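What follows is one structure encoded as structure tokens, with my remarks underneath.
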Amino acid sequence: METTTTELNLQPSSQVLALLSACGAGVIWGTGALVVNILVAQYGFSPGNVSFWRFVIGAVVLVGFFWNRILWSRIAPLLPLIILAGAAMAGYVLLWFLGIEQMGAAVPTLIALCMPPVIVTVISIIRGQERADLQLFLVLLGALSGTVLITTRNADSAEHFGSGSMVLGVTFSLGSAFLYAGFSMVNGRISKALGAGPTAACLTLVAAVIMSLNFLFSPFIWPTEIPPQAWFLYLGIVTAALALLAFSWGAVRLSPTALTVATLLEPLTAVILSALLLGQHFGGLQWVGSILLLFSIWLLGRRVSANNEQGALAKGCNG
Numbered sequence: 001m002e003t004t005t006t007e008l009n010l011q012p013s014s015q016v017l018a019l020l021s022a023c024g025a026g027v028i029w030g031t032g033a034l035v036v037n038i039l040v041a042q043y044g045f046s047p048g049n050v051s052f053w054r055f056v057i058g059a060v061v062l063v064g065f066f067w068n069r070i071l072w073s074r075i076a077p078l079l080p081l082i083i084l085a086g087a088a089m090a091g092y093v094l095l096w097f098l099g100i101e102q103m104g105a106a107v108p109t110l111i112a113l114c115m116p117p118v119i120v121t122v123i124s125i126i127r128g129q130e131r132a133d134l135q136l137f138l139v140l141l142g143a144l145s146g147t148v149l150i151t152t153r154n155a156d157s158a159e160h161f162g163s164g165s166m167v168l169g170v171t172f173s174l175g176s177a178f179l180y181a182g183f184s185m186v187n188g189r190i191s192k193a194l195g196a197g198p199t200a201a202c203l204t205l206v207a208a209v210i211m212s213l214n215f216l217f218s219p220f221i222w223p224t225e226i227p228p229q230a231w232f233l234y235l236g237i238v239t240a241a242l243a244l245l246a247f248s249w250g251a252v253r254l255s256p257t258a259l260t261v262a263t264l265l266e267p268l269t270a271v272i273l274s275a276l277l278l279g280q281h282f283g284g285l286q287w288v289g290s291i292l293l294l295f296s297i298w299l300l301g302r303r304v305s306a307n308n309e310q311g312a313l314a315k316g317c318n319g
């Protein structure tokens with residue numbers, strides 16, 4: 001009985017910590033979005049160049065830190081999946097940037113961030129990994145509606161873009177969404193087998209190699225000034241290494257639905273920082289969207305805790 005009680009007390013708290021870890025990854029990625037915007041707008045770096053150095057720095061940090069914990073005998077059976085997941089990670093970032101280049105930031109961001117929770121939820125329900133109920137519907141509805149309100153206030157008008165650019169932008173954004181959904185669904189499996197740290201190291205290394213192919217189209221440029229150098233290091237160490245580590249740790253303990261919903265804090269963080277640091281107006285609808293998103297994540301936390309209490313109780317009864 002003592003063991004069962006311990007499981008009931010520790011298991012839900014572990015799940016809540018995992019949800020907080022995934023939320024932390026979303027917040028960190030939100031700061032990265034602002035930094036990338038600064039590097040592109042103020043210093044003239046291309047998104048591809050920024051992404052390449054971000055992954056390279058992240059890979060160096062993660063591989064250096066977790067080198068002794070990487071068990072190559074465990075990697076070998078998972079190598080094809082690791083390569084696919086790392087390529088998906090590089091691909092969804094690159095396609096998102098390509099979508100933004102074609103039609104501005106608002107619509108690609110909405111597609112790339114809002115579609116993955118829907119995709120992984122549908123797949124998880126079909127596979128019996130997620131229970132379809134009213135609470136799940138409310139979590140998704142609140143989170144997606146909140147994200148829409150947060151990101152569309154300063155949306156670029158479609159009149160500024162041609163029909164060809166719109167089609168390409170939507171295509172790239174859809175590709176980004178599906179790649180991110182796939183990445184989220186397999187990350188947990190890899191992390192369970194290798195550990196969150198080695199998984200983050202391997203995936204970032206693969207992503208850096210994939211992004212290096214962009215050299216075929218344009219050279220990679222390392223900044224010569226101190227401010228952009230500091231931003232590049234921040235992107236690599238914090239938004240690539242630390243954020244992916246937090247994401248992978250959460251992926252071991254959360255469903256893909258919970259994982260992708262939690263990271264919707266990314267656009268909220270970017271918008272809040274833009275208001276605080278760049279003087280952009282934070283409108284009433286964005287406040288409403290923020291409340292909806294935060295309420296949905298709180299409701300998601302209650303759902304995660306309740307589901308795991310039920311699972312621990314059933315395990316104790318069966319034992």
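The opening residue of the sequence shown carries number 1 in the UniProt record's numbering; numbering runs sequentially from there. Even glycine gets a Cβ: it sits at the ideal position worked out from N, Cα and C. Computed from a predicted model, the values in this text were never measured in an experiment.
Specify whether the stretch 65-72 and the stretch 179-186 touch according to this definition: at least 3 beta carbon pairs, one from each stretch, less than 8 Å apart.
-> Three or more Cβ pairs closer than 8 Å define a contact, and the stretch 65-72 falls short of that threshold against the stretch 179-186.
Tell whether a beta-carbon distance below 8 Å holds between Met166 and Pro256.
-> For the pair Met166 and Pro256, the CB atoms are not nearer than the 8 Å cut-off.
Report the residue from Gln42, Phe183, Gln129, Val209 whose alpha carbon sits nearest the alpha carbon of Gln53.
-> The question names Gln, yet the displayed sequence has Trp at residue 53. Checking every option, the nearest Cα to that of Trp53 belongs to Val209.
To the nearest angstrom, report how far apart Met211 and Leu205 are at their CA atoms.
-> Straight-line Cα distance between these residues: approximately 10 Å.
Apply the 10 Å Cβ neighbour rule to Phe137 and answer buried if 16 or more other Cβ atoms are within range, or exposed otherwise.
-> With a threshold of 16 other beta carbon atoms within 10 Å, Phe137 falls short and is exposed.
Got a sec, what are the start and stop residues for the alpha helix (DSSP H) Ile111 sits in?
-> Taken as a continuous stretch (DSSP letters only), the alpha helix (DSSP H) holding Ile111 covers 106-126.
Could I get the ranges of all uninterrupted alpha helix (DSSP H) runs contained in the UniProt domain "EamA" (18-151), with 4 residues as the minimum, in chain order?
-> Along the UniProt domain "EamA" (18-151), the alpha helix (DSSP H) occurs as fully enclosed runs of 4 or more residues at 47-66, 72-103, 106-126, 134-151, listed in sequence order.
Buried versus exposed, by CB contacts within 10 Å (16 or more), Ser157 = Here the model assigns Ser157 a pLDDT of 47, short of 50, so the residue's position is not dependable, and the following value carries that caveat. Around the beta carbon of Ser157, fewer than 16 other beta carbons sit within 10 angstroms, so the residue counts as exposed.
Who are the near neighbours of Val252 in its chain, counting only those whose CB is closer than 8 Å to its CB and skipping five residues on each side?
-> The answer, listed in chain order, is Ala18, Gly188, Ser191, Lys192, Ala196.
Hey, could you find the ends of the alpha helix (DSSP H) Gln229 is sitting in?
-> Segment 226-234, the alpha helix (DSSP H) holding Gln229.
Cβ-based burial, Thr224 [other Cβ within 10 Å; buried from 16] | Of the other Cβ atoms in all chains shown, fewer than 16 fall within 10 Å of the Cβ of Thr224; this residue is therefore exposed.
Would you kindly work out how many angstroms separate the C-alpha atoms of Ala85 and Arg69, rounded to a whole number?
-> If you take the alpha carbons of Ala85 and Arg69, they lie about 20 Å apart.
Tell me, please, whether the stretch 73-84 touches the stretch 261-269 by the rule of three or more beta-carbon pairs shorter than 8 Å.
-> Flag = no, the stretch 73-84 and the stretch 261-269 do not touch.
When we look at the beta-carbon of Gln42 and count the other beta-carbons within 10 Å, is it buried (16 or more) or exposed?
-> When all chains shown are included, Gln42 counts as exposed.
Considering Leu254, what are the terminal residues of the alpha helix (DSSP H) in which it resides?
-> From DSSP, Leu254 is part of no alpha helix (DSSP H); its letter is neither H nor E.
Three-state secondary structure (DSSP) of Pro223 = Reduced to three states, the DSSP call for Pro223 is coil.
Have a look at Glu101 and Gly169 and give me their C-alpha separation to the nearest angstrom.
-> Approximately 8 Å, taken between the alpha carbons.
C-alpha distance - Leu8 paired with Gln15, whole-angstrom precision | Only weak support is given to the placement of Leu8: the predicted model assigns it a pLDDT of 37, under 50, and the value that follows is read from those uncertain coordinates. Near 12 Å, if we compare the C-alpha coordinates of Gln15 and Leu8.
Span of the alpha helix (DSSP H) around Ile272 = 265-278 is the span of the alpha helix (DSSP H), which, as asked, contains Ile272.
With respect to the alpha helix (DSSP H) encompassing Ile210, which residues constitute its N-terminal and C-terminal limits?
-> Start and end: 196-211.
Spatial distance of Thr109 from Trp96 (CA atoms) = Using only the alpha carbons, I get a separation of about 7 Å.
Given that a residue counts as buried once 16 or more other Cβ atoms are within 10 Å of its Cβ, and exposed if not, what is Ala105?
-> When all chains shown are included, Ala105 counts as buried.
Kindly indicate which three-state DSSP category Ser248 falls into: helix, strand or coil?
-> Of the three classes helix, strand and coil, the one that applies to Ser248 here is helix, per DSSP.
Exposed unless 16 or more other CB atoms sit within 10 angstroms - verdict on Pro227 | When all chains shown are included, Pro227 counts as exposed.
Tell me whether Gly182 sits in a helix, a strand or coil according to DSSP, three-state version.
-> Here Gly182 sits in helix by DSSP.
Just the C-alpha distance for Trp298 and Glu130, rounded to the nearest angstrom, thanks.
-> Answer to the nearest angstrom: the Cα atoms are 18 Å apart.
Using the Cα positions of Val61 and Ile237, report the straight-line distance between them to the nearest angstrom.
-> The straight-line gap from Cα to Cα measures roughly 7 Å.
Coarse secondary structure for Gly283, derived from DSSP in three states | In this structure, Gly283 counts as coil in the three-state DSSP scheme.
Three-state class that DSSP yields for Gln15 in the structure shown | In this structure, Gln15 counts as helix in the three-state DSSP scheme.
Classify Phe217 as helix, strand or coil using the three-state DSSP reduction.
-> Of the three classes helix, strand and coil, the one that applies to Phe217 here is coil, per DSSP.
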